[in-house]
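Using the UniProt record's numbering, the letters of the sequence shown map in sequence onto residues 1 to 334.
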Amino acid sequence: MRRTVSFSRDSANVFFHLLTRCNLRCRHCYINPDQHGTETLGIDTIDCWLEIFARRHPAANLILLGGEPTLHPDLATAVKRAVRLGYGSVTIDTNGYLFHDILDRVTPHEVDFFSFSLDGPTPAVNDPLRGDGCFVACTAGIPEAKARGFSVSLIYTVSQANVDHLHRMPALLEKWGVDRFFIQVIGVRGQWTEDAARRETLAQVDRKTWLQVVPRVAEDAARRGIPTTFPKVFLDAGETFECAGQVADNYFIFPNGRVYRCPLCEDYPLHSFEIREDRLVATPRINETDLFPLTIPEGCVMNRIVQPRNLAASGNGVPAYKIACCMLKEEITP
1 MRRTVSFSRD SANVFFHLLT RCNLRCRHCY INPDQHGTET LGIDTIDCWL EIFARRHPAA
61 NLILLGGEPT LHPDLATAVK RAVRLGYGSV TIDTNGYLFH DILDRVTPHE VDFFSFSLDG
121 PTPAVNDPLR GDGCFVACTA GIPEAKARGF SVSLIYTVSQ ANVDHLHRMP ALLEKWGVDR
181 FFIQVIGVRG QWTEDAARRE TLAQVDRKTW LQVVPRVAED AARRGIPTTF PKVFLDAGET
241 FECAGQVADN YFIFPNGRVY RCPLCEDYPL HSFEIREDRL VATPRINETD LFPLTIPEGC
301 VMNRIVQPRN LAASGNGVPA YKIACCMLKE EITP
């Protein structure tokens with residue numbers, strides 16, 4: 001069954017970057033130290049910030065990120081603290097190296113998903129993007145997590161560099177016992193976007209390619225029993241644009257205290273909130289919140305400002321299609 005996952009204020013998602021340090025140097029990494037900081041948060045600060053959002057949104061979904069979050073020596077403690085605070089779910093996003101014996105220090109009752117990042121079905125496709133040896137480490141980590149009873153998801157970030165290999169993933173996911181599949185569109189953000197050669201190689205795929213390839217692969221994975229989620233990206237004719245910043249609660253927290261509501265803004269000091277002296281405070285205008293209500297024919301105003309190259313105009317200057325909010329997802333279930 002295929003459906004568009006509607007925005008809702010009934011649930012909130014908290015994307016918490018505990019650090020920006022990582023053992024890999026992925027070519028398409030979105031972390032920008034100039035904007036996100038280089039700190040590794042101490043456990044007392046993590047506890048405090050978790051509590052801020054637990055009070056603001058009881059039972060929110062928590063996604064723990066980095067850098068590489070398993071590099072944080074207190075990740076297990078942070079997980080246990082989140083469970084005690086009543087977060088509705090806890091996910092750890094990882095590159096698969098699983099540092100600090102994290103699988104031995106948390107339980108499947110505490111972590112709902114370990115979400116592994118892999119951008120190719122073989123080392124020859126994946127490792128030029130993510131780093132030598134990454135494919136082997138990730139594909140070893142998946143069965144290790146499964147053997148300990150954890151649910152596992154996999155994230156594949158689609159770009160021109162790997163879209164031709166996406167169709168090979170469902171069979172591998174089935175073989176590895178992956179429970180959920182997330183297909184992501186590459187974000188044109190992070191320091192790599194300043195490199196013209198990399199920006200061209202890692203560009204977003206065009207609308208025709210996306211619509212031909214991604215839903216078909218998602219359907220294949222779903223037929224194999226693996227629920228699959230992917231960004232809507234392109235609105236269908238007649239569909240109304242909605243901005244998640246106005247109709248949902250998503251928070252992207254960075255170690256320097258910045259809190260964004262829209263991930264497309266993360267390369268800029270447009271954050272809606274900051275954490276100062278253990279309090280969440282709104283930032284002065286103009287910030288991303290002031291941009292959310294803007295209505296333009298192309299759909300997402302952030303996309304128009306930040307990554308306009310995936311837009312196209314018809315002969316009369318009218319946009320040929322609208323871009324959906326980057327948080328709008330489609331889901332295909334078995």
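Quick reminder that beta carbons are idealized off the backbone N, C-alpha and C, glycines included.
Here residue 184 is bridged, per DSSP, to 157. Scanning 128, 149, 175 and 22 for the CA closest to the CA of residue 104 turns up 149. Secondary structure at residue 111: coil, using DSSP grouped into helix, strand and coil. Excluding residues up to 5 positions away in sequence, 259, 260, 261, 282, 283, 287, 288 and 289 lie with their Cβ nearer than 7 Å to the Cβ of residue 272 in the same chain.
DSSP places residue 166 within a helical segment (H, G or I) once states are collapsed to three.
Within the same chain, 301 come within 6 Å of residue 294 by CB-CB distance, once the 5 residues on both sides are set aside. Collapsing the DSSP output to three states places residue 102 in a helix. Listed as beta-bridge partners of residue 28 by DSSP are no residues whatsoever. Spatial neighbours of residue 168 in its own chain (CB-CB distance under 6 Å, excluding positions within 5 residues in sequence) are listed in chain order as 121.
Counting only residues of its own chain and dropping the five nearest sequence neighbours on each side, residue 14 has a CB closer than 6 Å to the CB of 53, 60, 62 and 251.
About 6 Å separates the Cβ atoms of residue 100 and residue 70, confirming a contact at the 8 Å cut-off.
Distance from residue 65 to residue 16 at the Cβ level is roughly 7 Å; contact confirmed, criterion being Cβ atoms closer than 8 Å.
Of the candidates 225, 118, 234 and 199, 225 places its Cα closest to the Cα of residue 334. Distance from the Cα of residue 277 is smallest, within the candidate group 128, 256 and 264, for 256. Scanning 110, 39 and 235 for the CA closest to the CA of residue 253 turns up 39.
CA-to-CA, the gap between residue 233 and residue 292 works out to about 17 Å. If the five residues before and after residue 274 are omitted, its C-beta is found closer than 7 Å to the C-beta atoms of 257, 258, 259, 281 and 283, all from its own chain and listed in chain order.
According to the DSSP assignment, residue 143 belongs to the alpha helix (DSSP H) that extends over 134 to 147. Judged by DSSP in its simplified three-state form, residue 12 adopts strand. Taking 8 Å as the cut-off, the Cβ atoms of residue 180 and residue 227 count as close.
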